[in-house]
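Residue numbers (UniProt numbering), protein chains in the order written: chain A, 1 to 275; chain B, 1 to 347; chain C, 1 to 287. Heads up, the thing below is written out as structure tokens.
What follows is the structure, encoded as structure tokens:
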């Protein structure tokens, strides 16, 4: 097929693609692997079983998971409302969903820190009325990651909801199902795989997120220090081996989690008959 | 331009789309490549066009070997199944495209192009649509514009992939007639792909029947209908009643006249209009009864039931002119005697 | 049974929207939750940027933006975008052409690899270039011997940004060109067009809105990238600070006006991006 295709430009296009991919992505990424191979197994384990490192992993993955789940709930409601209900200003709000994609993370970071710091407009109110401090606590990380994660959920669920065949709902209610039954047994199972995708995308993005988090996190070792920040700290102290080991571990754990989520998705899709 | 295909083979992965196909098409014919879906007819058309390269075999146009020549230099006109009109260009620009992309030396002037495009639009009777965009046209209009665009470069061969496939039944009827007339006017060698045997028989001067990557038969429509080369062609072209002599009891077939001639195979294929029926007495011994009938316009299709058979021989179809059926004055459940005038024998 | 049928016919009364048979209170409380969330999380922050930036008035705003360091940061941000966006655009077109117009071994692997930078943390994206070109890196010695600075200099920033924005254009084009199929291009070729004629007269007009869309997103990210650039830049004021880094540095110095005036530029960039994005989505939907 390759040779018999009459479309022009196969060789130059593919050659350039591979060349550029290698130069910009693959060769630089491979340094991470080669650098880690230079570490001994013992040295590697020493680095990543260090208490501070383990704590940072717990903080990063824990806050990302909570934030992704919260983003999942609100993202689903937003997607539902945007697809199903007409209301004034809808187009504007729909466009605004992508703001976290478009807004530089550093800007998001300083804004969220300013709002939620104890003297900030929301921070002050939360402190006085609920006694909750958001900024400079793990909760601050969660808030920043919800902000980052929300468009991932909305933008994966929205198209599926849009294409959802509403005659299925009509069929269900004509067979006597209540609205809640229709939602739980007809709509939600069909949307669930997409929701899972959205949540896992938000989660994956959250684990690696840096800019929007560091301003609000407080960055207290063992408490609110995230993995990306620890990597930077190690780099600034010229501990290249430490930075590399942590980075590689983070990549591997993320890939394993994504693999797990993909399997979960496969299972969900099978169950709802989408495969 | 005549077309000669020598031993063409083409595989897609492990799937053999075409196997050792040889074909000769004389100049000026209007040929249908006919076959069920997946038989390789579209692949064959694309190989003639140069949109696909054969794994083996040669393509000769006017005696010249063009196998290696790129589609853009072959001088063919190709009408795509879904027309592939350039959706960002007006109808006019679509038709002018082939002229405007010519190398500067051969490129005609804009004035000439304009004249030519309008002439083509007149030919396809859509001159008033020049400034429209493709998605503002109906299916039939798009089809004709696609044809005009292919004709603009004055191709020596016109190739059409399922030209009527995406159209409504009524539009399809009109366009068939129109294509036939157009071909008589232009006389350019044309090949079209279709899976609709009625369409092939109605439009083409030559029909090539393909199945599973091989050519089963080539010939004029009448020849293919009256003298099918094998069981596949007989089954695929028109309706056929099939009697399996190895399985069915042959007594009544003898009586029906079919065994008067010596059996020349295991399967007897009988066209519905080769079955004649008359009303029979209860005592006549004929087991066949009239089950139902359908009006097909000028002809009537009669459904007969033969309880002595099981399987495919149990229900027979006969066809006859409307008047003849009225003369017979038959009702549902009437016993009838069957006379088979002609059969094709296959093993 | 009867009641349900009744509900459906109620809904079909609003013929343009069939699925509206949720009770009134459900509908409006969900809208309330959604709108409240969007306003709190998305509108308020945008407003706050302007509020903070102008908290000491126009004069202070302009003074902050006119600082040499701020201007240098803007210039560097523009330069980085001007280098990276065209490079990744050309790549995106080439990759989409190869992937959607041809069959070849390893195609799905290639598609996966193109998306790879999206699943790598920005900090790690910066780290790999430090590992390559830093003082202890693979090529570090060679470059320092030849007096070429990559890390803590502009080339490092460009490389990290190239990596981060690598998939944007390809990712927009591949699904679109896949869906379009190649019939129109085949038609052009069959009418005698050359490869480049086919590309410029048929392919490009069909993908132009999606291409612009990809370029737009690529540009927004190139100008706004923070994590990766932060690792390789070294934060040298007036030299290797991009605009997002300038925001960080000013904020950490308690220079609120400085931080938020620069942030307001980046926020406007984000808003322009969103507006253009909606426009391009609308355009693409119409073709």
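We put the CB at the ideal spot given by N, CA and C, even for glycine.
* Same chain, Cβ closer than 7 Å to residue 18 of chain B, five either side skipped, listed in chain order -> 8, 9, 10, 40, 43, 44 and 213
* List the residues of chain A that residue 132 of chain C touches, going by C-beta distances under 7 Å, in chain order. => 28 and 31
* How do the segment 123-135 of chain C and the segment 22-33 of chain A stand: do at least 3 beta-carbon pairs fall below 8 Å, yes or no? -> yes
* Asked: Between the C-alpha atoms of residue 74 of chain B and residue 121 of chain B, what's the straight-line distance to the nearest angstrom?
  -> 24 Å
* Asked: How big is the Cα-Cα spacing for residue 190 of chain A and residue 199 of chain A?
  -> 16 Å
* Thinking residue 115 of chain A and residue 123 of chain A are a contact (beta carbons under 8 Å), I'd like their distance in whole angstroms, please. => 7 Å
* Asked: In the DSSP assignment, what residue or residues form a beta bridge with residue 193 of chain B?
  -> B/33 and B/161
* Step through the CB atoms of chain A and report whether any lies within less than 8 Å of the CB of residue 98 of chain C. => yes
* To do: Please decide whether residue 153 of chain C counts as near chain B, where near means a Cβ-Cβ distance under 8 Å.
  => no
* Output yes if chain C places a C-beta closer than 8 Å to the C-beta of residue 153 of chain B; else output no. => yes
* Can you give me the Cβ contacts of residue 54 of chain B inside the same chain, cut-off strictly under 6 Å, excluding the 5 residues immediately before and after it? => 8, 10 and 47
* Asked: Would the beta-carbon of residue 64 of chain A fall within 8 Å of that of residue 145 of chain A?
  -> yes
* Taking 8 Å as the CB-CB limit, is residue 186 of chain C close to chain B? -> yes
* How is residue 2 of chain A classed by DSSP in three states: helix, strand or coil? -> Low confidence applies to residue 2 of chain A: its pLDDT is 38, below 50, so where it sits in the model is not reliable, and the reading given next is rough at best. DSSP places residue 2 of chain A in coil when its eight states are reduced to three.
* Asked: Is residue 40 of chain A helix, strand or coil when you go by DSSP?
  -> coil
* **Between the CA atoms of residue 216 of chain C and residue 94 of chain A - distance to the nearest angstrom** => 18 Å
* To do: Out of C/286, C/271 and C/263, point me to the one whose CA is closest to residue 309 of chain C's CA.
  => Nothing about residue 309 of chain C can be reported from this structure: the residues present for chain C run from 1 to 287 only.
* Would you mind telling me which residues of chain A sit closer than 9 Å to residue 248 of chain C, beta carbon to beta carbon, in chain order? => 106, 109, 110, 211, 214 and 215
* Asked: How would you write the range of the alpha helix (DSSP H) that residue 331 of chain B sits in, first residue to last?
  -> From DSSP, residue 331 of chain B is part of no alpha helix (DSSP H); its letter is neither H nor E.
* **Sequence-distant residues of the same chain with beta carbon closer than 8 Å to residue 143 of chain C, five excluded per side** => 133, 149 and 150
* From residue 61 of chain A to residue 207 of chain A, what does the alpha carbon distance come to, in whole angstroms? -> 6 Å
* Extent of the continuous beta strand (DSSP E) run through residue 303 of chain B -> 299-305
* Asked: Is the CB of residue 231 of chain A under 8 Å away from at least one CB in chain B?
  -> no
* Hey, how far is the Cα of residue 44 of chain A from the Cα of residue 135 of chain A? -> 33 Å
* Relative to the ligand HEM, is the shortest distance from any of its heavy atoms to the C-beta of residue 38 of chain B smaller than 7 Å? -> By its list of ligands, the structure shown contains no ligand whatsoever, and the ligand HEM lies outside what it can speak to.
* To do: Note down, in chain order, each residue of its chain lying with its Cβ closer than 7 Å to the Cβ of residue 204 of chain A, except the 5 sequence neighbours on either side.
  => 254 and 258
* Per DSSP, which residues does residue 64 of chain B bridge with? Please list them. => B/61
* **Span separating the alpha-carbon of residue 58 of chain B from that of residue 234 of chain B** => 30 Å
* Would DSSP call residue 81 of chain B helix, strand or coil? -> coil
* **residue 50 of chain C at chain A interface by Cβ criterion, 8 Å** => no
* To do: Determine whether the Cβ of residue 34 of chain C lies closer than 8 Å to any Cβ atom of chain B.
  => no
* At 7 Å on the CB atoms, spell out the chain C contacts of residue 76 of chain B, in chain order. => 190
* To do: Check whether the Cβ of residue 159 of chain B lies closer than 8 Å to any Cβ atom in chain A.
  => no
* Asked: How about residue 339 of chain B and residue 256 of chain B: are their beta carbons less than 8 Å apart?
  -> yes
* How many Å lie between residue 259 of chain C and residue 97 of chain A at the Cα? -> 24 Å
* My guess is that residue 146 of chain B and residue 80 of chain B are in contact by the Cβ rule of under 8 Å, so how many angstroms apart are they, rounded? -> 7 Å
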